[in-house]
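Residue numbers (the working numbering), protein chains in the order written: chain A, 1 to 121; chain B, 1001 to 1708; chain C, 2001 to 2170.
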Amino acid sequence: MAASILAVDDSASMRQMVSFTLKGAGYEVIEAADGVEALNIAKTRSVNLVITDVNMPNMDGITLIRELRNLPSYKFTPLLMLTTESGADKKQQGKAAGATGWIVKPFNPDQLLKTVAKVIG
Amino acid sequence: MSIDMAQFHQVFFEESFEGLDVMENGLLNMDPGEADPEEINSIFRAAHSIKGGSGTFGFHNISEFTHVMETLLDEMRDGRRPVTADAVNVLLASVDVLREMLTAAQEGVDPDEARIAEQRAELERVLSGSDEVEPTTPATEKAPEVPAAEVQPVGWRIVFRPHQHLLRTGNDPLRIIREIADLGELEVVCDISDLPPMSEFEPEDSYLSWELRLDAPVDKAQIDEIFEWVEDDCDFAVVPILPEGAETVQAAPAEGASTPVPEQKKPELKVAAPPVERRQNPDRRQNPDRRQGGDRRATGAAKKGAGGSSSIRVDTGKIDSLINMVGELVITQSMLGMLGEDFSMDKLGRLREGLAQLERHTRELQESVMQIRMLPISFTFSRFPRLVHDLSQKLGKKIELRMSGESTEVDKTVIEKIGDPLVHLVRNSVDHGIEPPEERVAAGKPETGVVHLSAEHRGGNIVIEIRDDGRGLARDKILQKGIERGLVRPEDNLSDKQIFELIFQPGFSTAEQVSDVSGRGVGMDVVRRNINELGGAIEIDSEQGKGSTITIRLPLTLAILDGQSICIGNETYIVPLVSIIESIQVRPHMVRHVAGKGETFRLRDEYLPIVRMHEIFGIPDARATRIEDGIVVVVEAGGRKCGLFVDDLLGQQQVVIKSLEANYGRVEGLSGATILGDGSVALILDIPGVMRLANELSGMPETVAMTA
Amino acid sequence: MSDEVHLSLLGQDHEDDAQGSQYLSFMLAGEQYAVSILRVQEIRGWEPATRVPNTPAYLKGVINLRGNIVPVYDLRLRFGMPVREYTKETVVIVVRVGEGEEQRSMGLVVDAVSDVLVVQDEQISQTPEFGAAVPTEHICGLASAGDDMVMLLDLESLAGGTAGGEENAA
């Protein structure tokens, strides 16, 4: 069965790009537009990987990561965040919240796939 | 894997333009000095998204420009920089520039470089005016290289000792080791000495550590990169293996200075501690010069946009419900199909049931499809904060714009067509309605005037209101002018409402001087005509010294109308239900003939003109000619009422509006046509038009109605 | 006759007549007229139309043509010819006029459809300035078909002069 990935971003174009790239590589992709939506999805099913943007309305990525880590079924799930180079402290905050790692924006589809392979390849 | 990124451009542009609107509105709402952190945050987020997207999709000039804005917003968000009016204005102007850049990118043309540079300089100016101004150090100053390795190492020895919680970060030591193995030949020794006794063993903790020997002359950075995510979650050391075996014990510990090393099991690594270069990278945003002097190669690279196709973003919920309904329809259809295969009269009941179901599903489907055309009115409202902000600055007035009901959904066509009339009305309120501050204070009003723009569903209509607490309409001045223009007679006893109606007459303007704010192009008559064309009505209410309220009523959707069928002779017409107040049978004694004003009838406390439809429409074989033989349908439009005299009422039904103009042309008194159940065509009455026809026939001045 | 006559029955390949064009001819008050077949959308039997108030008498009303509201003009009335009761033969020729955005459909009530003619360009002569029952501005030429003369209708001028023309300004 294809590995499932939850892609969380409030930007529809980024979400589409991430989703399109991952689906093209054979992953199953579930999309969410913010942390709240993602958390609700996460509560109903488990996935193999979560990729989340940091700056989002309703619930940001850091909070999402913290909440996900508290869910029993997400204790060991790789949680990646999408950050920009200006977010050095964000990486630290994310790590503290339980993030596995990060992907630095802007990135291209190849970089994305490489990084994903690193955690669930 | 090659993916055509251009396919995401259209969506990127759409959401970026929306993001710009969010930024603009947020900035306009921002009170210098006491900005709401959540407000700044949402502006920041919008900028951040545009930056991220433009970087990803190859619009580097946009991403660079947005980066400067983002830096400024970030500092405001963190409270490191006060929110000043200057900063807000510069950001607002930057939003404009950004919009131009996006438009240029979308159209595949070159942006106005000079303007961008100028605005960017403005941003830099605000940025550099900060207390925590950074010395403009030139570019990224790399930390001194690790002084090691004058000789290129032939391999690396790596000690990797995960902290106990490593697994709970979602990282997996095995994956990390596998990744190192990808770099070259790897020898792995596992150290199990830390394993606790079984009784103390925590299955979720990590107790193992590894010593690795990588026989590959790779850069240390490649190894560091692998450990990048876990550098705070483990101890690791990377020691070069030198060709001559002259190993110096020199390695970089993974520990950042800030993270205390766990007490109990300090790794026994003989390591010195040169800095890890990555840490030393100064954060880029602290180097404005880098950006300014940075290469601008990307700016000319605006690619051809993803075409100008107009699209409509539809809530997925709407599509889901549509799919559900189509599913139901298919089920009903197959049920009916089966029924039809061997039909007999005893199945008549089920056939009827099925047909009723079909009808219901079809109707629901129709409603859902209509829903897709519905967009929140915020698409139109969103331009007003900026408009009011700019106008009030220009006019030296203090005005607060309040908006409510922005999420009210209206037909896409309404969104497209209502904009200009609303701009005109809001400008009027700002320009003529709200007084200058000193005048307001003198009148005992708060210095700041309020313009309230609201939208809501009321009955089957959308009601949009523009309410201000300004000086109100000058009733006497309007009346005076109406008399001068021969629109009314001095002896007419007019209600305030009827007088206010006069401003909708062509060429009627009360502004003593035409200001460049309200413009001269369109008048209230054009506003009214535009709204009538949307099947709506506009009304004005005002109290001198207190303010004015303009109410616009629009049908929920332009494609469907709730109609009352009426018949006159052999002809059937549809009256929009929204215009109908009531239908009554009028007795001869209620009728009064007024010289010069035609036939009227008394309805409670007012006399209303009777419009004999068969006369104004020239219908030859009307059954009812005596008032008591027919029905009077009392209708209202534009603040006026009248009774339409018809033969009879038929049913009420929803009708699909079809254009009469597409193949023929406009006909006074008709707003369109529809197709009835039997396939024949019925015409839809345009009530204001019918009133005009009746007035022409009776020679009454148009604006005069009777009051008892 | 059936409600719709499929033009494919009448049509022939255009290659047959390099310089010629096809015209649909019809009868009106004993005379033969024709319209370019490329303009013809369909031919229907007469069905009552919905009268539109306060419009000229020659507008018989509007009909539902597959969901579109299309005006139907009585050509006899339009040209001031004697009125005749509608019969089984009475047909409505639905034609398209204008291009692109401006394109409109309209129905023309005629006495009967007669034929499809191939008219060579050189067979078309100038409109005579006399005799015709139809105002000359609506005739764009005369063609001979065998022994008969056929008047070619200028649909654009006909459409311009009809419709809610004066109010129809876009």
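Ideal placement from N, C-alpha and C gives every residue a C-beta, glycine not left out.
Note down the Cα distance separating residue i from residue j, rounded to an integer number of angstroms.
i, j, result
"residue 1410 of chain B", "residue 1401 of chain B", "21 Å"
"residue 1674 of chain B", "residue 1093 of chain B", "49 Å"
"residue 1664 of chain B", "residue 1506 of chain B", "26 Å"
"residue 1087 of chain B", "residue 1469 of chain B", "30 Å"
"residue 1471 of chain B", "residue 1425 of chain B", "15 Å"
"residue 116 of chain A", "residue 57 of chain A", "25 Å"
"residue 105 of chain A", "residue 53 of chain A", "10 Å"
"residue 1647 of chain B", "residue 1670 of chain B", "18 Å"
"residue 1696 of chain B", "residue 1668 of chain B", "11 Å"
"residue 1454 of chain B", "residue 1464 of chain B", "6 Å"
"residue 2146 of chain C", "residue 2095 of chain C", "25 Å"
"residue 102 of chain A", "residue 80 of chain A", "5 Å"
"residue 1531 of chain B", "residue 1412 of chain B", "14 Å"
"residue 1718 of chain B", "residue 1045 of chain B", "The question about residue 1718 of chain B has no answer, for chain B in this structure spans 1001 to 1708."
"residue 1347 of chain B", "residue 1651 of chain B", "29 Å"
"residue 1419 of chain B", "residue 1380 of chain B", "6 Å"
"residue 2053 of chain C", "residue 1691 of chain B", "15 Å"
"residue 1394 of chain B", "residue 1387 of chain B", "11 Å"
"residue 36 of chain A", "residue 1091 of chain B", "30 Å"
Which of the three DSSP states is assigned to residue i in this structure?
i, result
"residue 2069 of chain C", "strand"
"residue 1165 of chain B", "coil"
"residue 1020 of chain B", "helix"
"residue 2032 of chain C", "strand"
"residue 1384 of chain B", "helix"
"residue 1289 of chain B", "The predicted model places residue 1289 of chain B with a pLDDT of 40, which falls under 50 and marks its position as unreliable; any figure quoted below should be read in that light. Three-state result, residue 1289 of chain B: helix."
"residue 1065 of chain B", "helix"
"residue 2074 of chain C", "strand"
"residue 2010 of chain C", "Interpretation of residue 2010 of chain C is limited by its pLDDT of 40, a score under 50 that renders its predicted location unreliable; no figure is taken from the coordinates."
"residue 1660 of chain B", "coil"
"residue 1203 of chain B", "coil"
"residue 1037 of chain B", "helix"
"residue 1326 of chain B", "helix"
"residue 1137 of chain B", "Because residue 1137 of chain B carries a pLDDT of 40, less than 50, the predicted location of this residue cannot be relied on, and the following value inherits that uncertainty. Coil, per DSSP."
"residue 1377 of chain B", "coil"
"residue 2023 of chain C", "strand"
For residue i, write down the residues that DSSP places opposite it in a beta bridge.
i, result
"residue 2046 of chain C", "Residue 2046 of chain C pairs with nothing; no bridge assigned."
"residue 1475 of chain B", "DSSP, once it has assigned bridges, lists no residue as partnering residue 1475 of chain B."
"residue 1642 of chain B", "B:1635"
"residue 1191 of chain B", "B:1209"
"residue 1555 of chain B", "B:1461"
"residue 1236 of chain B", "B:1160"
"residue 1593 of chain B", "B:1599"
"residue 2140 of chain C", "Bridge partners of residue 2140 of chain C: none, in fact."
"residue 2145 of chain C", "C:2148"
"residue 105 of chain A", "A:84"
With distances taken from CA atoms, which of the options is nearest residue i?
i, options, result
"residue 1196 of chain B", "B:1185, B:1208, B:1187", "B:1208"
"residue 66 of chain A", "A:2, A:98, A:3, A:108", "A:98"
"residue 1221 of chain B", "B:1155, B:1387, B:1338", "B:1155"
"residue 998 of chain B", "B:1360, B:1538, B:1486, B:1604", "Residue numbering for chain B in the displayed model covers 1001 to 1708; residue 998 of chain B lies beyond these limits and cannot be assessed."
"residue 2153 of chain C", "C:2035, C:2091, C:2093, C:2059", "C:2035"
"residue 1457 of chain B", "B:1416, B:1540, B:1552", "B:1552"
"residue 1066 of chain B", "B:1344, B:1561, B:1047", "B:1047"
"residue 1618 of chain B", "B:1183, B:1114, B:1423, B:1570", "B:1570"
"residue 2047 of chain C", "C:2067, C:2121, C:2072, C:2105", "C:2072"
"residue 1162 of chain B", "B:1231, B:1493, B:1123, B:1095", "B:1231"
"residue 1397 of chain B", "B:1407, B:1433, B:1417, B:1592", "B:1433"
What does residue i reach in chain B if we use C-beta pairs closer than 7 Å?
i, result
"residue 12 of chain A", "1011, 1015"
Could you tell me which chain B residues have their CB closer than 9 Å to the CB of residue i, listed as they occur along the chain?
i, result
"residue 79 of chain A", "1169, 1170"
"residue 2106 of chain C", "1663, 1664"
Under 8 Å Cβ-Cβ, which residues of chain C neighbour residue i?
i, result
"residue 1658 of chain B", "2067, 2068, 2069"
Counting only Cβ pairs nearer than 8 Å, list the residues of chain A close to residue i.
i, result
"residue 1048 of chain B", "55, 84"
"residue 1045 of chain B", "10, 55, 56, 57"
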